[in-house]
Amino acid sequence: GIAPGLVLGVLAFAAPLAAFLLAPAMFPAPDTLDKVLAGWGLDARHPGFTMAFMAIVNGPAEELFWRGWLQDRLLKGWRSGTVLVLLFSSYHVFTVGTLAPGGPGAALMLTGVIAGAVFWTWSRRRWGSVWPAVLSHWGATMGYMLVCAKLIAAR
5 GIAPGLVLGV LAFAAPLAAF LLAPAMFPAP DTLDKVLAGW GLDARHPGFT
55 MAFMAIVNGP AEELFWRGWL QDRLLKGWRS GTVLVLLFSS YHVFTVGTLA
105 PGGPGAALML TGVIAGAVFW TWSRRRWGSV WPAVLSHWGA TMGYMLVCAK
155 LIAAR
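Going by this note's numbering, the letters in the sequence shown line up with residues 5 to 159, in that order.
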């Protein structure tokens with residue numbers, strides 16, 4: 005599980021960077037980032053800390069819960085995988101709503117969340133390990149945090 009996870013983590017890291025290069029207007033404005041981070045108790049003046057917090061705590065904790073504990077112990081079969089994807093995605097709707105700069109940005113972010121949820125649920129089954137999901141979620145979070153840090157630093 006770790007080898008595929010590392011490869012997937014690198015690819016997932018590149019996805020938000022590519023999305024930003026293709027559609028920068030779909031990402032939050034620095035003022036929006038400041039407000040959201042303050043609401044989470046984080047200081048936008050220190051994006052390195054925010055990136056580390058999100059990488060170390062957020063993505064891995066989510067995957068250990070959703071794909072590590074819930075998927076492994078409570079859910080079996082593809083229908084239950086669909087339920088897991090819907091629960092995971094609904095959990096992120098608030099975050100998407102606060103970060104997205106409007107309808108198209110929200111649609112892009114929510115599509116990314118749903119695609120990630122489907123992929124991570126599948127990868128847990130495919131490799132029988134939570135590591136591909138943990139490492140690729142970590143990569144996606146780090147890519148997104150790098151874009152956010154760049155936006156904050158550019159003001």
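Glycine included, C-beta positions come from ideal geometry on N, C-alpha and C.
Checking 8 Å against the spacing of the C-beta atoms, do G147 and A48 come in under that value?
If you number the sequence shown from 1, residue 147 lands on position 143. If you number the sequence shown from 1, residue 48 lands on position 44. Cβ distance not < 8 Å, so G147 and A48 don't count as in contact.
Could you compute how far the alpha carbon of E67 sits from the alpha carbon of V138?
Position 63 of the sequence shown, counted from the first residue, corresponds to residue 67. Position 134 of the sequence shown, counted from the first residue, corresponds to residue 138. Distance between the alpha carbons of E67 and V138 is about 5 Å.
Within its chain, find whatever has a CB closer than 6 Å to the CB of V11; leave out the 5 residues flanking it on each side and keep chain order.
By 1-based counting over the sequence shown, the position of residue 11 is 7. No residues qualify anywhere along the chain.
Looking at the unbroken alpha helix (DSSP H) that takes in K39, where does it start and where does it end?
Residue numbering aside, residue 39 sits at position 35 when the sequence shown is read from its first letter. Element bounds for K39: 34–43.
Nearest candidate by alpha-carbon position, reference L88, set I118, P105, L25:
Within the sequence shown, numbered from 1, the residue matching residue 88 stands at position 84. Among I118, P105, L25, the Cα nearest to that of L88 is on I118.
Every unbroken alpha helix (DSSP H) inside the segment 38–95 [4 residues or more]
51–57, 63–67
Counting Cβ pairs closer than 8 Å, one from the segment 23–34 and one from the segment 95–112, do we hit at least three?
yes
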